[in-house]
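Notes follow once the structure below has been shown.
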Amino acid sequence: MSSSQKKKISKSEYKQQLRALQIELVKIQRQVIAHGERVLIIFEGRDAAGKDGVIKRVREHMSPRETRVVALGKPSDRDARSWYFRRYSEQLPADEEIALFNRSWYNRAGVERVMGFAGKEEVAGFFADVAQFEEMLARDGTTLLKYYLDIDRKEQATRLEARRTDPLKQWKISPIDAAALEKWNDYSKARDEMLTRTDFAYAPWIAVRANDKRAARLNIIRHMLQSIACPAVDRRLARPDPSVILPVAELGIGRLAP
Numbered sequence: 001m002s003s004s005q006k007k008k009i010s011k012s013e014y015k016q017q018l019r020a021l022q023i024e025l026v027k028i029q030r031q032v033i034a035h036g037e038r039v040l041i042i043f044e045g046r047d048a049a050g051k052d053g054v055i056k057r058v059r060e061h062m063s064p065r066e067t068r069v070v071a072l073g074k075p076s077d078r079d080a081r082s083w084y085f086r087r088y089s090e091q092l093p094a095d096e097e098i099a100l101f102n103r104s105w106y107n108r109a110g111v112e113r114v115m116g117f118a119g120k121e122e123v124a125g126f127f128a129d130v131a132q133f134e135e136m137l138a139r140d141g142t143t144l145l146k147y148y149l150d151i152d153r154k155e156q157a158t159r160l161e162a163r164r165t166d167p168l169k170q171w172k173i174s175p176i177d178a179a180a181l182e183k184w185n186d187y188s189k190a191r192d193e194m195l196t197r198t199d200f201a202y203a204p205w206i207a208v209r210a211n212d213k214r215a216a217r218l219n220i221i222r223h224m225l226q227s228i229a230c231p232a233v234d235r236r237l238a239r240p241d242p243s244v245i246l247p248v249a250e251l252g253i254g255r256l257a258p
């Protein structure tokens with residue numbers, strides 16, 4: 001049965017499972033602090049894919065001093081003239097820190113490319129440099145997890161409409177929201193190339209079927225528990241649903257939303 005066909009989890013069961021998983025996240029953070037570790041978690045995906053919601057649940061009960069959310073805005077003129085990775089490298093986690101990137105340097109392979117903010121040479125330069133950049137992070141001891149939240153066209157349209165009509169969500173409205181659906185096929189093509197070319201053994205991509213927000217959140221956390229070495233974690237909870245969590249290396253790009 002596909003994830004889209006499964007019965008959605010009830011709100012009460014979701015909250016119960018989420019609390020149990022968040023307790024395990026706190027255990028991981030205690031280890032990160034005690035041993036001076038560095039953890040970097042990247043969340044990518046189309047507009048309205050659910051990145052904000054996942055990050056909110058991941059950090060909800062973690063220490064705000066050692067948990068940092070990075071969501072950089074439009075680059076300044078100075079940023080545009082500088083080494084592309086500079087402004088991101090300034091935000092990398094220090095010892096004892098967990099950094100959650102709401103979008104990342106992969107903007108260049110996605111939104112910047114599709115919207116024409118980056119030219120062909122800049123995109124080619126990104127693909128030439130990103131492997132070495134991430135290998136350097138891994139070699140230096142940073143735990144790097146990369147999640148791509150995938151939703152279908154109908155779900156994105158529904159969520160973008162909710163932004164316009166719900167006063168509590170209107171802060172999410174972006175000038176490029178309108179282009180999200182208009183350029184759907186361009187975004188799909190850019191996504192497929194990005195995931196294929198930057199799925200490294202030392203920094204693999206994990207695709208997440210995210211039409212069901214609750215299932216996506218729970219299973220991303222389960223995958224984190226599975227991927228970040230921590231003896232204190234209850235391994236019974238570190239079992240993501242393989243119909244929701246899909247390693248790109250095993251995926252076949254045709255299984256993502258067309």
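Quick note: the sequence shown uses UniProt numbering, first residue 1, plus one each step.
Idealized CB from N, CA, C, for every residue including glycine.
If you're wondering where the values come from, they're calculated on a predicted model, not measured in any experiment.
Contact check between the stretch 191-209 and the stretch 134-144: three or more CB pairs, one atom from each, fall below 8 Å, which counts as touching. Boundaries of the beta strand (DSSP E) around E97: E97 to N102. In the DSSP assignment, A190 falls outside any beta strand (DSSP E) and lies within the alpha helix (DSSP H) extending over W184 to R197. For G141, no beta strand (DSSP E) run applies, since DSSP gives it neither H nor E. The C-alpha of I9 lies about 10 Å from the C-alpha of Q17. By the C-beta density criterion, D47 is buried, having at least 16 other C-beta atoms within 10 angstroms. Membership of L246 in any alpha helix (DSSP H) is not indicated; the residue belongs instead to the beta strand (DSSP E) covering I245 to P247. Annotated as proximal: R38 and D95, with beta-carbon spacing under 9 Å.
The beta-carbon distance between L149 and K51, rounded to whole angstroms, is 6 Å. This is short enough to meet the 8 Å contact definition. With respect to the C-alpha of Q156, the residue from R209, D234 and Y88 having the closest C-alpha is R209.
By the Cβ neighbour-count rule, L195 is buried, with 16 or more other Cβ atoms within 10 Å of its own. For the stretch 106-167, the continuous alpha helix (DSSP H) assignments of 4+ residues that do not extend past its boundaries occur at 111-114, 120-139 and 153-165, in sequence order. Contact annotation: G45 and I151 have beta-carbon atoms nearer than 9 Å.
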